[in-house]
Amino acid sequence: MARGRKRGGSSAEKENGGEVTAENGNGGGEYEKMREQRIKENREKMEKLGIFNLSQKLKPPPPPPKIPKTSSSKDKALTPLPARLSYAEKTPKSTRKAETPKYTRTRKAKDDDYEEEIEIHLEEGSKPEIYTEEQEKLLGDCKMTWTLLVDGYDEIGERMYDPYDGKSCHQCRQKTLGYHTKCSKCGSFQGQFCGDCLYTRYGENVIEVNQNPKWVCPVCREICNCSRCRRAKGWKPIGDIYEKVKKLGFKSVAHYLIQTHRGQEKTEGLVSEDEEPSGLMLDETSDMDENSSGSPDSEVDE
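Under UniProt numbering, read the sequence shown as residues 1 to 302, first letter to last.
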């Protein structure tokens, strides 16, 4: 009996609940319709008043796109150029002192041809540089011409330095491969000269020298003009002047030094190999111009 009552009550409640739900559902639909109607009316009023357009007008305009800045000609004109260094500022003092004496070139109006006027200035040392007639007789000579920058150089023209198999040259102090001389008198390092130095400094061919078992080196002949030997005699180093003395008609640097330091009358009697005497100026008593540069075609003793 109790169970029957409970079931009957629950079914009645369901029927009542269903009616309430239906009533509530119908009421909710009308509310939504009224709400949509009010929203529509409000929107029409706002459109009539221009509120929508006003909000669009109040928005700030979008910023213009940024254009990348390019360097103008004015900016380039205002850019400071790097300061140029003078020769004295960018060249070490020790290097300037070791450079070659002054070499000037002048042009003559006659036939519009260039005529070179060469001036070699040797810096004075603590002692006068004078050579004897016996020393002039000891100057060397050669029958074959020696080609520079070939012996002891590789296929691309680079000099081959070798601390193990190479030999040191007394003149340029470089330990390289290639021909080197051997003195029959001293038989030491001071008698070793490479082919380029022997030819440019003393006018001798290293191949011919090596075929002579009685050959004596320039040091033993007391005509060596390397920087170390000249300082020992109280003279200043001369640098690389081979190209200049060759243009003056001298066979080598040693020939120039000895033949121009035998006195004024000896100098005036010299004749160039290729041309008649032209009164070329030879000034050995002036100071060396430290700002001139030497020729790259021959060795520079260190």
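The beta carbon of each residue, even a glycine, is placed where N, CA and C say it ideally should be.
None of these values were measured; they are calculated from a predicted model.
C-beta atoms of residue i and residue j nearer than 7 Å
i: GLN171; j: CYS197; result: yes
i: ILE258; j: TYR131; result: yes
i: CYS217; j: GLY178; result: no
i: MET160; j: THR147; result: no
i: GLY140; j: GLY195; result: no
i: PHE193; j: CYS169; result: yes
i: ARG201; j: VAL253; result: yes
i: LYS127; j: GLY234; result: yes
i: MET144; j: ASN210; result: no
Straight-line gap, residue i to residue j (C-alpha atoms, nearest Å)
i: GLY152; j: ASP162; result: 10 Å
i: ILE118; j: LYS244; result: 7 Å
i: PRO237; j: GLU129; result: 12 Å
i: GLU133; j: CYS224; result: 16 Å
i: PRO213; j: ILE207; result: 12 Å
i: ARG35; j: ASN42; result: 11 Å
i: GLU265; j: GLU136; result: In this prediction, GLU265 has a pLDDT of 45, which is less than 50 and means its spatial position is unreliable; what the coordinates show is noted afterwards. Roughly 15 Å separates the two Cα atoms.
i: PHE189; j: GLN174; result: 12 Å
i: LYS59; j: LYS33; result: 34 Å
i: PRO61; j: GLU30; result: 44 Å
i: ILE156; j: HIS255; result: 32 Å
i: LEU138; j: GLU158; result: 34 Å
i: PRO65; j: ILE51; result: 30 Å
i: LYS40; j: PRO63; result: 36 Å
i: ARG38; j: LEU49; result: 17 Å
i: TYR199; j: VAL150; result: 13 Å
i: ARG231; j: VAL219; result: 13 Å
i: LYS251; j: TYR164; result: 34 Å
i: GLU154; j: LYS167; result: Checking the sequence, you will find Asp at residue 154 rather than Glu. Approximately 16 Å between the Cα atoms of the pair.
i: GLU273; j: ARG262; result: Unreliable placement is indicated for GLU273, whose pLDDT of 44 sits below 50; no coordinate value is reported for it.
i: LYS110; j: ARG228; result: In this predicted model, LYS110 has a pLDDT of only 45, less than 50, meaning its place in the structure is not dependable; the value taken from the coordinates is given anyway. So the alpha carbons of these two residues sit roughly 45 Å apart.
i: MET46; j: ILE67; result: 41 Å
i: GLU44; j: LYS57; result: 19 Å
Any non-hydrogen atom of the ligand FMN closer than 6 Å to residue i Cβ
i: ASP154; result: Of ligands this structure carries none, so the ligand FMN is not represented either.
Contact belief for residue i with residue j at Cβ below 8 Å, rounded distance in angstroms
i: THR181; j: TRP215; result: 7 Å
Pairs of beta-carbons, one from the segment 113 to 133 and one from the segment 178 to 196, closer than 8 Å: are there three or more? No: the two stretches stay apart, fewer than three of their Cβ pairs being nearer than 8 Å.
Could you tell me which uninterrupted beta strand (DSSP E) segments, each at least 3 residues in length, are contained entirely in the UniProt domain "Zinc-finger" (161 to 257), listed from first to last along the chain? List check, beta strand (DSSP E) in window: nothing returned.
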